[in-house]
Amino acid sequence: LVHFTILRPPDRQDGVPVGELSLIAFPTRELFVEKIDDFDLIIFDRYRRRGILPNSYFDNIRRYVTEGGALLVVGGPELASAESIYHSPLGQILPAEPTARVLEQPFAPHLSPTGARHPVTEGLDQGYPAATQGGAPGWGRWLRQIDLAPHSGEVVMQGVADRPLLVLDHAGQGRVAMLASDQAWLWDRGFEGGGPQAELLRRLAHWLMREPDLEEEALSADAQGLDMTITRRSLHDGPHTVTVTRPDDSSVTLDLTETAPGRFTAHWQGDEPGLYRLQSEGLDTVTVLGTANPREYERVVADAAPLAPLIDATRGGVAPVAAGLPALRAVDAGRQAWGRGWLGVTPRGAYVTTDLRLAALAPVWLWLVLGLGLVLAAWLREARR
Numbered sequence: 047l048v049h050f051t052i053l054r055p056p057d058r059q060d061g062v063p064v065g066e067l068s069l070i071a072f073p074t075r076e077l078f079v080e081k082i083d084d085f086d087l088i089i090f091d092r093y094r095r096r097g098i099l100p101n102s103y104f105d106n107i108r109r110y111v112t113e114g115g116a117l118l119v120v121g122g123p124e125l126a127s128a129e130s131i132y133h134s135p136l137g138q139i140l141p142a143e144p145t146a147r148v149l150e151q152p153f154a155p156h157l158s159p160t161g162a163r164h165p166v167t168e169g170l171d172q173g174y175p176a177a178t179q180g181g182a183p184g185w186g187r188w189l190r191q192i193d194l195a196p197h198s199g200e201v202v203m204q205g206v207a208d209r210p211l212l213v214l215d216h217a218g219q220g221r222v223a224m225l226a227s228d229q230a231w232l233w234d235r236g237f238e239g240g241g242p243q244a245e246l247l248r249r250l251a252h253w254l255m256r257e258p259d260l261e262e263e264a265l266s267a268d269a270q271g272l273d274m275t276i277t278r279r280s281l282h283d284g285p286h287t288v289t290v291t292r293p294d295d296s297s298v299t300l301d302l303t304e305t306a307p308g309r310f311t312a313h314w315q316g317d318e319p320g321l322y323r324l325q326s327e328g329l330d331t332v333t334v335l336g337t338a339n340p341r342e343y344e345r346v347v348a349d350a351a352p353l354a355p356l357i358d359a360t361r362g363g364v365a366p367v368a369a370g371l372p373a374l375r376a377v378d379a380g381r382q383a384w385g386r387g388w389l390g391v392t393p394r395g396a397y398v399t400t401d402l403r404l405a406a407l408a409p410v411w412l413w414l415v416l417g418l419g420l421v422l423a424a425w426l427r428e429a430r431r
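Just so we're aligned, residue 47 is where the sequence shown starts under my numbering, counting upward by one.
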């Protein structure tokens, strides 16, 4: 996590000699050029163009997003000014254009029809007071919104007079989000009851980083024995269908019923245990019906009958573990191999030598030098007596 905060803009001087400054130059080139692909998410929070970052850096961020990166723009009044980040190369991938209007008035954020279906915002009002007469959830109000004119993406939250508040979009292989207000912190502070600020930002960040559970278009299946519950999530109205391919390659097409905004489900029972493939409008997944290891569950009671021929041939026996672990004894081949409280083990000597290598511990000359040294040391010791 790198948090880039501008403490003093270049156009403001405080007269401190350069030699007495404790700050180091911020490694802008290293972050925005050399290591930009190492980041999971880039956030511009109330950013204003001050001439610190050249357009080439913004263009590199645009490339990073289109090649699979993630960008979140949180807008304050700066977003509606001439210094807006929209007037940089990032404007090519942002889903909405600021109209230069700043709406300074209280408003209650609410979900759009698409937001009720989108995994980032669906169910966000759970655990809060019921919707008011106007249909907005019982959240605390925000006090400022930047007017946006969306030209792509999905508007999932709205504010003043149903104007776009949160816009999500795909840009190439990456994802972009614009939050047209800098007042989300009011929810965290409990203003007028607060709101789900942490959950909203958590979902938003994880959607931007392409978490599978937050995909807008998804297909999944929950299996219990031979019963299967198929769930299709989509931002588009039905009808939706799913094709189920059985283990024998035969298939059946099922109609999905909308059980919640953006969620379509179907219940189906398979014919036999095995691997089933589900396909729906370009989406594909697999699931297993039946127990994972059916053979292992056919006979789960311990029984010595299948081993009886081998036990008789080796003069062995069966000892229940419940009676305690038996002692082990070495017995000769052909002798009784079990008894009360013991089991016999017959040494087989069943091994094969596949390779044999001989290596000297040390070269001969080293042994000779060592022997002469010991003789000399013994002679010197005896000579001193």
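Think of the CB as a built atom: it goes at the ideal place given N, C-alpha and C, for glycine as much as any other residue.
Thr112 and Ile139: beta carbons closer than 8 angstroms?
What you label residue 112 is simply residue 66 of the sequence shown in a count that begins at 1. What you label residue 139 is simply residue 93 of the sequence shown in a count that begins at 1. Cβ distance < 8 angstroms, so Thr112 and Ile139 count as in contact.
So, at 8 angstroms on beta carbons, what are the nonlocal neighbours of Asp234 in its own chain, with the 5 sequence-adjacent residues on each side left out?
The count along the sequence shown starts at 1 and reaches residue 234 at position 188. For Asp234, where only same-chain residues beyond five positions count, the Cβ hits under 8 angstroms are Gly240, Gln243 and Ala244.
Are there three or more Cβ pairs, one per stretch, closer than 8 angstroms when the stretch 287-298 is compared with the stretch 318-333?
Yes, they touch.
In whole angstroms, what separates the C-alpha of His252 from that of Thr337?
Here residue 252 is taken as the residue at index 206 of the sequence shown, counted from 1. Here residue 337 is taken as the residue at index 291 of the sequence shown, counted from 1. Going by the C-alpha atoms only, they are around 33 angstroms apart.
Arg434 bridges to which residues according to DSSP?
Residue numbering for the chain in the displayed model covers 47 to 431; residue 434 lies beyond these limits and cannot be assessed.
Assess, as a yes-or-no matter, whether the stretch 218-230 is touched by the stretch 183-196 under the definition of 3 or more beta carbon pairs within less than 8 angstroms.
Touching, yes.
Give, in chain order, every unbroken run of the alpha helix (DSSP H) that is at least 4 residues long and sits entirely within the stretch 338-377.
You should have 354-359.
Using DSSP bridges, identify the partner residues of Asp330.
Within the sequence shown, numbered from 1, the residue matching residue 330 stands at position 284. Answer by DSSP bridge pairing, in chain order: Gln325.
Does the beta-carbon distance from Val166 to Leu250 come in below 8 angstroms?
Position 120 of the sequence shown, counted from the start, is the residue given in the question as residue 166. Position 204 of the sequence shown, counted from the start, is the residue given in the question as residue 250. Result yes, Cβ atoms of Val166 and Leu250 sit closer than 8 angstroms.
Less than 8 angstroms between the C-beta atoms of Thr311 and Leu300, yes or no?
Within the sequence shown, the letter at position 265 stands for residue 311. Within the sequence shown, the letter at position 254 stands for residue 300. No, they are not a contact pair.
What first and last residue would you give for the alpha helix (DSSP H) that runs through Glu245?
Position 199 of the sequence shown, counted from the first residue, corresponds to residue 245. Per DSSP, Glu245 belongs to the alpha helix (DSSP H) from Gln243 to Leu254.
Helix, strand or coil for Arg147 per DSSP?
Against the sequence shown, residue 147 aligns to sequence position 101. DSSP places Arg147 in strand when its eight states are reduced to three.
Between Asp283, Gly328, Ser296 and Val298, which lies nearest to Gly510 when the distance is taken from Cα to Cα?
Only positions 47 to 431 of the chain appear in the structure, and residue 510 is not among them; the question remains open.
On a Cα-Cα basis, can you pick out the residue from Gly122, Ile131 and Ala126 that is closest to Tyr103?
Counting from 1 along the sequence shown, the entry for residue 103 is found at position 57. Checking every option, the nearest Cα to that of Tyr103 belongs to Ile131.
With a threshold of 8 angstroms between beta carbons, is Ala116 in contact with chain D?
The displayed structure is made up of one protein chain only, and chain D is not part of it.
Can you tell which of Thr287, Ala368, Gly390 and Gly363 has its C-alpha closest to the C-alpha of Arg375?
Start at 1 with the first residue of the sequence shown, and residue 375 comes out as number 329. The candidate whose alpha carbon is nearest that of Arg375 is Gly390.
For my contact list, Arg163 and Leu136 are in at a C-beta cut-off of 8 angstroms; report their separation, rounded to the angstrom.
Within the sequence shown, the letter at position 117 stands for residue 163. Within the sequence shown, the letter at position 90 stands for residue 136. At roughly 28 angstroms, the Cβ-Cβ gap does not stay under 8 angstroms, so Arg163 and Leu136 are not in contact.
Between which two residues does the alpha helix (DSSP H) holding Ser102 run?
Here residue 102 is taken as the residue at index 56 of the sequence shown, counted from 1. Asn101 to Thr112 is the span of the alpha helix (DSSP H), which, as asked, contains Ser102.
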